[in-house]
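**Q** Right, I'll just put the structure down here and ask away after.
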Amino acid sequence: MDRDQTYTTSESYISDLLTYHDLRFLHQPNAVNNGDGGRELIVSKTMLRATGHHYLLGAPKRPFVLGLTDLHQSNLFVDEDWNIKYLIGLKWVCSLPIEMRGALYCLWGHDLDDIIGANLEEYVIVRDEYMRIFEGKEEALSPKLQYGLSLAQVTQSVWEKGWVWYCLSLTSVNGMCILFDQYVCRKYHPFPLTKEMDTVVS
Numbered sequence: 001m002d003r004d005q006t007y008t009t010s011e012s013y014i015s016d017l018l019t020y021h022d023l024r025f026l027h028q029p030n031a032v033n034n035g036d037g038g039r040e041l042i043v044s045k046t047m048l049r050a051t052g053h054h055y056l057l058g059a060p061k062r063p064f065v066l067g068l069t070d071l072h073q074s075n076l077f078v079d080e081d082w083n084i085k086y087l088i089g090l091k092w093v094c095s096l097p098i099e100m101r102g103a104l105y106c107l108w109g110h111d112l113d114d115i116i117g118a119n120l121e122e123y124v125i126v127r128d129e130y131m132r133i134f135e136g137k138e139e140a141l142s143p144k145l146q147y148g149l150s151l152a153q154v155t156q157s158v159w160e161k162g163w164v165w166y167c168l169s170l171t172s173v174n175g176m177c178i179l180f181d182q183y184v185c186r187k188y189h190p191f192p193l194t195k196e197m198d199t200v201v202s
């Protein structure tokens, strides 16, 4: 991706993200620790590319929106009433497809690759509470919504359709394989892929 490149569609951006993972695999010496890990990474990348059309084709053409990609407690200054007063770490601000703004794992306080099993239930509770507050705040601003888009509605739709797991898999170097296996792959194959399946795909 060139620094001055501007994307006009989610499809082209997602395609380049997948290419980034391909190049990381080829050029980063410690991207793989052993044969099984290498096969798992190849399978995740291959299947993310193969399933992408289920998430991208037919999706409405929506704008890219500005957002913080490194939003967590250490990048926020709040007042005594917990109102956000200042943000730091603005070097991680970028414009992304609006669908990619639905990944709210930073609210949870744990690593992305921990959102599995029983931890998912805890995450859903935190996420649902956030969404109730977010929807209320957005409702108060409804006449001012840009392009008539509700970010809360898009965020909820992304969650319900499972797009959130696809996006998180693409944007996480350390969580890609786990998130793909737990959430993206299980949508098409209800059981974990066997070692033999990994070998065939890779």
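With UniProt numbering applied, the sequence shown corresponds to residues 1 to 202, in that order.
Yeah, the Cβ is synthetic: ideal placement off N, Cα and C, and Gly gets one too.
This structure is a prediction, so every number in the text was calculated from the model and none was measured.
Pull up the CB-CB distance for residue 165 and residue 99, whole angstroms please, since I reckon it's below 8 angstroms.
**A** Translated into the one-based positions of the sequence shown, residue 165 becomes position 165. Translated into the one-based positions of the sequence shown, residue 99 becomes position 99. With 8 angstroms as the limit, residue 165 and residue 99 do not qualify as a contact, their Cβ atoms being about 12 angstroms apart.
**Q** Can you give the Cα-Cα distance for residue 128 and residue 65, rounded to whole angstroms?
**A** Residue mapping note: residue 128 aligns to position 128 of the sequence shown, counting from 1. Residue mapping note: residue 65 aligns to position 65 of the sequence shown, counting from 1. Cα to Cα, residue 128 sits roughly 22 angstroms from residue 65.
**Q** DSSP on residue 38, reduced to helix/strand/coil?
**A** Numbered from 1 along the sequence shown, position 38 holds the residue referred to as residue 38. Here residue 38 sits in helix by DSSP.
**Q** So for residue 169, helix, strand or coil by DSSP?
**A** What you label residue 169 is simply residue 169 of the sequence shown in a count that begins at 1. In the structure shown, residue 169 sits in a helix (DSSP, three-state: H, G or I).
**Q** Taking the beta carbon of residue 155 as the centre, do at least 16 other beta carbons fall within 10 Å, making it buried, or is it exposed?
**A** Position 155 of the sequence shown, counting from 1, holds the residue named residue 155. Buried: at least 16 other Cβ atoms inside 10 Å.
**Q** Does the Cβ of residue 48 lie closer than 7 angstroms to at least one heavy atom of the ligand SAM?
**A** With respect to the ligand SAM, the structure shown offers nothing to examine, as it has no ligands at all.
**Q** Determine the closest residue to residue 114 out of 74, 174 and 170, with distance taken between C-alpha atoms.
**A** Position 114 of the sequence shown, counting from 1, holds the residue named residue 114. Closest by alpha carbon: 174.
**Q** Assign residue 64 to one of three DSSP states: helix, strand, or coil.
**A** If you number the sequence shown from 1, residue 64 lands on position 64. Residue 64 falls in the strand class under three-state DSSP.
**Q** Note the first and the last residue of the continuous alpha helix (DSSP H) segment covering residue 20.
**A** The residue given as residue 20 occupies position 20 in the sequence shown. Note, residue 20: alpha helix (DSSP H), 10-27.
**Q** Please report how far the alpha carbon of residue 13 lies from the alpha carbon of residue 97, in whole angstroms.
**A** Reading the sequence shown from its first residue, position 13 is the one you call residue 13. Reading the sequence shown from its first residue, position 97 is the one you call residue 97. Their Cα atoms are separated by approximately 8 angstroms.
**Q** Do residue 95 and residue 177 have their beta-carbon atoms positioned less than 8 angstroms apart in this structure?
**A** Here the question's residue 177 lines up with position 177 in the sequence shown. Here the question's residue 95 lines up with position 95 in the sequence shown. No, these two residues do not count as a Cβ contact at 8 angstroms.
**Q** Would you call residue 121 buried or exposed, if buried means 16 or more other Cβ atoms sit within 10 Å of its Cβ?
**A** Here residue 121 refers to the residue found at position 121 when the sequence shown is read from its first residue. Classification for residue 121: exposed.
**Q** For residue 7, which residues from the same chain have a beta carbon less than 6 angstroms from its beta carbon, with the 5 sequence-adjacent residues on both sides left out?
**A** The residue given as residue 7 occupies position 7 in the sequence shown. 13, listed in sequence order.
**Q** Give the DSSP-derived three-state secondary structure of residue 77 in the structure shown.
**A** Along the sequence shown, read from residue 1 onward, the residue named residue 77 stands at position 77. Note: residue 77 maps to strand in three-state DSSP.
**Q** Cα-Cα, which of 82, 87 and 81 is closest to residue 75?
**A** The sequence position of residue 75 within the sequence shown is 75, counting from 1. Closest option to residue 75, Cα to Cα, is 87.
**Q** In chain order, what residues of the same chain lie with their CB nearer than 8 angstroms to the CB of residue 85, ignoring the 5 residues before and after it?
**A** Mapped onto the sequence shown, residue 85 falls at position 85. So the list reads 77, 78 and 79, once near-sequence residues are dropped.
**Q** Could you name the residues of the same chain whose beta carbon sits closer than 7 angstroms to that of residue 185, not counting the 5 residues immediately before and after it, in chain order?
**A** Here the question's residue 185 lines up with position 185 in the sequence shown. Closer than 7 angstroms at the Cβ level, and outside the excluded window around residue 185, lie 47 and 193.
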